[in-house]
Structures are given as C-alpha cells and as structure tokens.
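Student: Residue numbers (the working numbering): 11 to 391.
The C-beta atom is built at its ideal place from N, Cα and C for all residues, glycine as well.
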C-alpha cells in the first residue's frame, strides 16, 4: 500500500509539474499526499461501517443485542482490536480464528470492502468540489485548479455525511435481506428515522424538488414543504415499484399484504427498501436506479453469491446502484435519458415500461426451489 501510495504521489506530482511550468514537482507533493490520506481515511471509515453492519445483519434478525465485543462462535474467545481491523484483520489471520483455527467466512471482508468503496465514492465525489456533483448546488469556490484541495462549506459537508449515513442504512437492510431473512422492525424503524427525519428538519438534504419541473435557480434550503412531499412521494414510489416487481422478486405474495406469508413478507421488505431509496434520491431517479439494480442482479453470478433467490441478489445490487446515483447525481440529472426533474415525461414512462416488461425475463430464477440460507461459519467482527 505504501508503495502504491508513494507511486501515485510521485507520478501525479511529476505529471502536473510538467504541465504547469510556473510550479515545480515539490509544489504538488503536499496536495497529492492529501489525496492519498483522504482516500485512505474515507475507505477506512466506510469499511468500519461495513464491519458494524456485519454485526447488525448477523445479530438483529436473531434477536441479539449489537452491543458487546465480537467473539469467535466456536471457541467463544473475544476478538482483539487487531483481529477486528476492517478487511486487513481477516487477511492477517488468514481467514481463520487465531485461537481455534476454525474458518471465518470471507463474506465479512467482502462486505467491509464493498461498503468502504461505497462511502469512498460518495465522499470523494464532492470533497474537492464543495458538493457541486449535486444538482441545484451553488458554485462558491470557482473552478478546480492544478493544486486542487478539498473545499467544503458546512452544508456541503453535512449533506455528504447524510448521504454516507443513508447508504449505510440501505446496506444494513440489504445484508439482512441477502440472507433471505425478514427485516427486523427495529432496524427498519431506525433506518427510516435516520433518512427521513433529518430531511424534514434540514430540507437542504432533499437536493432536488419533488415535482416534475422547477426553476433553474431553485434551492432546497428552507423548503420544508418540499421535504415533506419528498418523504410522501418516496414512500409512494417504493410501494408502487414493489408491486411492479412483486411477481418477479416475491412470487406468491399477496398485493394487499394479507396473509403475511413468507412471499408477502418479502414484498413488504421490498417496499421498505424501495421507499427508503425514494426518500433519499426522489421518486424520479428511483425508477431508473431500480432498473439498474435489476440489470446488476441479472449480471451477478448465482453460484458466486450462493443465492438463487432473486430478491437476495437484488438486495445487494440496489445500494450499489444508489451509490452511483449519489456520486454522479448532477451528471445523471443533466442527461436527457435519465429521469429527473425537468426530464421529458416520455423518458420516465419508457424506463417504467422497460422495468415492467423486462424485469421478469432478466431475473427468472434458475430453479423452482429456494434453498434454505446456510449459517455463516463465524460471527462478524
């Protein structure tokens, strides 16, 4: 890692010095070193969140407290801080408990890595541009120069932190649902509280208006009614899209949510996840993001994930699609082919129609039976 980091700093500083004759190599070394430190810090924070979410996904569905230190489920020895180090702790241990030498599932470093990359993408996309990767965001600091450095106003920093928290909530739901387990009510309640309530209190988090059109100089700051409508329309689009995908992801579910059989429980969980996305990014972008998640699900190999249930695979594809939406929001907002505020209605209808027509064929199950989830061989750290 040190070699790669040092190589990046040296090559980037050398390349920039050659393109700017008024500055030298050493002028660029500090700013490029900050790049490395920020990437490392954001990934570490994200992987630490992923480590915590491993605990949440393992313990909460089993009715266990998330408090207390992690321990090996075989020898019951508590893990030390070195063994709990995200990603690298598992690598150093060689995937086995230090005490009893029984295997620790590779799922845990994989989750930590993926969540770490999600947080890294969201944070780095706005850290150097004062969050101008978001639509309708004010331009305060001018253009980015060769000596680019992180520039963040208080509202930009707060919004990025909010997005990181929201993507963490979505990953928590996804990991539980990936195990073909019902979402715990407490977890769902906390996730909605952490995503919806901050937006209602601080409407800047809404980013875009809830309607179809808006003025070019529109700002989310102080728009409390817009925030309330965002929450309501987000809930509505989540339920609507869940019903569209019900036959594919939750076959046998009752659209009226009665009786509460296993397929109907899947439909409720699907509605909760999509509603959370609708609140976070708006009903407009939720349609194409859901479609992208379907495409990712179709691309994910069933055997590699050890899951044939479409909903389990789709659950982990959804936060990946949302991560790209948050990181590239303004670019997608300005694209004529991506549904957003001001997009032609025919574009939104085309995405919705494609979702209804092709989701079933893309996510057709390879088998008629869904295997029982296999318990992971070790508790997460």
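1. In terms of alpha-carbon separation, which member of 201, 82, 127 lies closest to residue 105?
2. Could you tell me whether the stretch 276–286 touches the stretch 196–213, where touching means 3 or more Cβ pairs closer than 8 Å?
3. If we count the other Cβ atoms within 10 Å of its Cβ and call it buried at 16 or more, is residue 85 buried or exposed?
4. Can you tell me where the alpha helix (DSSP H) holding residue 28 begins and where it ends?
5. Counting Cβ pairs, one atom from each stretch, are 3 or more of them under 8 Å apart for the stretch 18–37 and the stretch 97–113?
6. Is it the case that the stretch 43–58 contacts the stretch 125–145, given that we only count it when at least three CB pairs across the two stretches are under 8 Å?
7. Skipping 5 residues on each side, what residues in its chain have a beta carbon closer than 8 Å to that of residue 144?
8. Pick from 252, 66, 293, 291: whose alpha carbon is nearest that of residue 274?
9. Residue 343 by DSSP, collapsed to three states: which one?
10. Smallest Cα separation from residue 157: which of 41, 309, 348?
11. Under the assumption that residue 182 contacts residue 67 (Cβ atoms under 8 Å), give the Cβ distance between them as a whole number of angstroms.
12. Indicate the three-state DSSP secondary structure (helix, strand or coil) for residue 173 in the structure shown.
13. How many Å lie between residue 366 and residue 345 at the Cα?
14. Please go through the same chain and pick out, in chain order, the residues whose beta-carbon is closer than 7 Å to the beta-carbon of residue 333, but skip the five residues on each side of it.
15. Can you check whether the CB of residue 75 is closer than 8 Å to the CB of residue 89?
16. Quick one: residues in its chain with C-beta nearer than 6 Å to the C-beta of residue 245, no 5 flanking neighbours on either side, listed in chain order?
17. Check whether the stretch 190–197 touches the stretch 210–226, counting contact only when three or more Cβ pairs, one atom from each stretch, lie closer than 8 Å.
18. With a threshold of 16 other CB atoms inside 10 Å of the CB of residue 272, please say whether the residue is buried or exposed.
19. Does DSSP put residue 194 in a helix, in a strand, or in coil?
20. Run through the DSSP bridge pairs and tell me what residue 106 is partnered with.
21. Determine the extent of the alpha helix (DSSP H) in which residue 272 is found, giving its start and end residues.
22. Residue ranges of each alpha helix (DSSP H) run of no fewer than 4 residues wholly in the stretch 32–85, ordered along the chain?
23. Under 6 Å Cβ to Cβ from residue 336, same chain only, skipping five residues before and after it: list those, please.
24. When the Cα atoms are used, what is the spatial distance from residue 39 to residue 22?
25. Excluding sequence positions up to five away, which residues of its chain have a Cβ less than 6 Å from the Cβ of residue 122?
26. Spatial neighbours of residue 149 within its chain, please: CB distance less than 7 Å, with the 5 preceding and 5 following residues excluded, ordered by chain position.
27. Quick one: grab the DSSP three-state call for residue 122.
28. Taking the CB atoms as reference points, tell me whether residue 356 and residue 223 lie closer together than 8 Å.
29. Buried or exposed, going by whether 16 or more other CB atoms sit within 10 Å of the CB of residue 99?
30. Let me check understanding here. Comparing Cα to Cα, which of 180, 290, 261 lies closest to residue 207?
31. For residue 276 versus residue 321, is the C-beta distance shorter than 8 Å?
32. Assuming residue 303 contacts residue 328 under a Cβ cut-off of 8 Å, what Cβ separation, rounded to an integer in Å, is found between them?
33. CA-CA distance, residue 161 and residue 92?
34. Tell me where the alpha helix (DSSP H) around residue 358 begins and ends.
35. Figure out for me which residue from 179, 308, 278 has the closest Cα to the Cα of residue 191.
36. Quick one: what's residue 88 bridged to in DSSP?
Tutor: A quick look at the data gives this:
1. The shortest Cα separation from residue 105 among 201, 82, 127 belongs to 82.
2. Two segments are said to touch when three or more pairs of C-beta atoms, one from each, lie closer than 8 Å; by this definition the stretch 276–286 touches the stretch 196–213.
3. Result: exposed.
4. Run containing residue 28: 12–29, per the alpha helix (DSSP H) assignment.
5. Taking 8 Å as the limit for Cβ pairs, the verdict is that the stretch 97–113 does not touch the stretch 18–37.
6. Taking 8 Å as the limit for Cβ pairs, the verdict is that the stretch 43–58 does touch the stretch 125–145.
7. These residues qualify, in order along the chain: 136, 169, 217, 339, 340.
8. The residue with the shortest Cα to Cα distance from residue 274 is 252.
9. In the structure shown, residue 343 falls within a helical segment according to DSSP collapsed to helix, strand and coil.
10. Closest in C-alpha terms to residue 157, from the list 41, 309, 348, comes 41.
11. Confirmed, about 7 Å.
12. Correct three-state label for residue 173: helix.
13. Those two C-alpha atoms are separated by around 22 Å.
14. Taken in chain order, the residues that qualify are 128, 131, 132, 177.
15. Not closer than 8 Å, so no.
16. Spatial neighbours of residue 245 in its own chain (CB-CB distance under 6 Å, excluding positions within 5 residues in sequence) are listed in chain order as 285.
17. No, they do not touch.
18. So residue 272 ends up on the exposed side.
19. In this structure, residue 194 counts as coil in the three-state DSSP scheme.
20. According to DSSP, residue pairing for residue 106 in a beta bridge involves 113.
21. Counting along the chain, residue 272 sits inside the alpha helix (DSSP H) bounded by residues 272–291.
22. Listed in chain order, the complete alpha helix (DSSP H) runs (minimum 4 residues) inside the stretch 32–85 are 35–69.
23. Its chain contains 132, 173 as the residues whose beta carbon lies nearer than 6 Å to that of residue 336, once the 5 sequence neighbours on both sides are disregarded; these appear in chain order.
24. Inter-residue distance for residue 39 and residue 22 is about 8 Å (C-alpha atoms, whole angstroms).
25. Excluding positions up to five away in sequence, the list reads 57, 60, 61, 96, 97.
26. Around residue 149: 142.
27. Helix at residue 122.
28. For residue 356 and residue 223, no; Cβs fall outside 8 Å.
29. It counts as buried.
30. The shortest Cα separation from residue 207 among 180, 290, 261 belongs to 290.
31. Against a cut-off of 8 Å, the Cβ pair of residue 321 and residue 276 comes out as a contact.
32. Confirmed, Cβ separation roughly 4 Å.
33. Distance from the CA atom of residue 161 to the CA atom of residue 92, rounded to whole angstroms, is 34 Å.
34. In the DSSP assignment, residue 358 falls within the unbroken alpha helix (DSSP H) covering 355–372.
35. Of the candidates 179, 308, 278, the one whose C-alpha sits nearest the C-alpha of residue 191 is 278.
36. BP columns for residue 88 point to 81.
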